[in-house]
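Letter by letter, the sequence shown follows residues 4 to 222 of this note's numbering.
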Amino acid sequence: MHYTAGVGRTAAALVMAVAVTTLMAGCTPAGDDGAIATPTTPTTPAGSESAKPKPTPPAGPSSAGGATGGGTKACVIDQIKVSDAHQADVRPPGTGTGAAIVSVTNTSKQPCTLSGFPTVAGAGNGSPDKNVPLAITHSGSASTVSLAPGARAWTKLTFVNVQGEADGYCVSGATPASFPTLVLGVPGAGSHQIAMDDGVFAECDNKATVTAFSPAKPS
Numbered sequence: 004m005h006y007t008a009g010v011g012r013t014a015a016a017l018v019m020a021v022a023v024t025t026l027m028a029g030c031t032p033a034g035d036d037g038a039i040a041t042p043t044t045p046t047t048p049a050g051s052e053s054a055k056p057k058p059t060p061p062a063g064p065s066s067a068g069g070a071t072g073g074g075t076k077a078c079v080i081d082q083i084k085v086s087d088a089h090q091a092d093v094r095p096p097g098t099g100t101g102a103a104i105v106s107v108t109n110t111s112k113q114p115c116t117l118s119g120f121p122t123v124a125g126a127g128n129g130s131p132d133k134n135v136p137l138a139i140t141h142s143g144s145a146s147t148v149s150l151a152p153g154a155r156a157w158t159k160l161t162f163v164n165v166q167g168e169a170d171g172y173c174v175s176g177a178t179p180a181s182f183p184t185l186v187l188g189v190p191g192a193g194s195h196q197i198a199m200d201d202g203v204f205a206e207c208d209n210k211a212t213v214t215a216f217s218p219a220k221p222s
């Protein structure tokens, strides 16, 4: 049989194309079922940094608690009541007053704070207008006392005591003094006239040692 040259070249090209196509199909990976596998996007390993859950930022402070103790205001004169004094259990020997305990009560409906030491003056003839200021010595250190409504703070006044009977005498040689009332100055909360719950204030040298206001009652 005789073929022309053009037909021979066309047949050769067709055989070549079929061979290339078969070769390319053989290079594509197939799955277990013989199907051609489709490439997938790689996943991040579970243990990598980007796979770990991000920490949740802590929540900010809540305002539901209301005002804190730092916002409590100092007590003012209309918020407190100063009690009359009673003689202390622990006092210098003698026949005078020796030492007295005084309390300050928060009579308002709001908390307030108290701090520092009181001032003391004798009220001549019971009149605050005739004050005789006593020289004060502080005992201990002061700290802020928070007073809830109805709560108390305390201070102790210790005097140079009168000795002897009747009108008595002072070790220093001074004349004993007696006052029907005292005027107690409360820092930031005014001056308050107080009496002894039994008798008068009898003392020597117009001196007193005072403790800072404290939530603990002194003896």
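Ideal placement from N, C-alpha and C gives every residue a C-beta, glycine not left out.
Whole-angstrom C-beta distance between residue j and residue i, which should lie under 8 Å
| i | j | result |
| --- | --- | --- |
| G125 | F204 | 7 Å |
| G119 | A138 | About 17 Å separates the two Cβ atoms, so there is no contact after all. |
| G171 | G99 | 7 Å |
| G129 | P183 | 4 Å |
Range covered by the beta strand (DSSP E) that runs through residue i
| i | result |
| --- | --- |
| F162 | 155-163 |
| S142 | 138-142 |
| N209 | 204-214 |
Where residue i falls, given that 16 or more other Cβ within 10 Å makes a residue buried
| i | result |
| --- | --- |
| G29 | Residue confidence for G29 is low, a pLDDT of 46 falling below 50, so the modelled location carries little weight and cannot support an answer. |
| K133 | exposed |
| P179 | buried |
| T140 | exposed |
| T212 | buried |
| A156 | buried |
| H89 | exposed |
| A215 | buried |
C-beta contact flag for residue i and residue j at 8 Å
| i | j | result |
| --- | --- | --- |
| D92 | M199 | no |
| T116 | V148 | yes |
| V85 | L187 | yes |
Contact the region 73-80 vs the region 88-106: 3+ CB pairs below 8 Å: no
Can at least three beta-carbon pairs, one atom from the region 110-122 and one from the region 137-157, be found at a separation below 8 Å? yes
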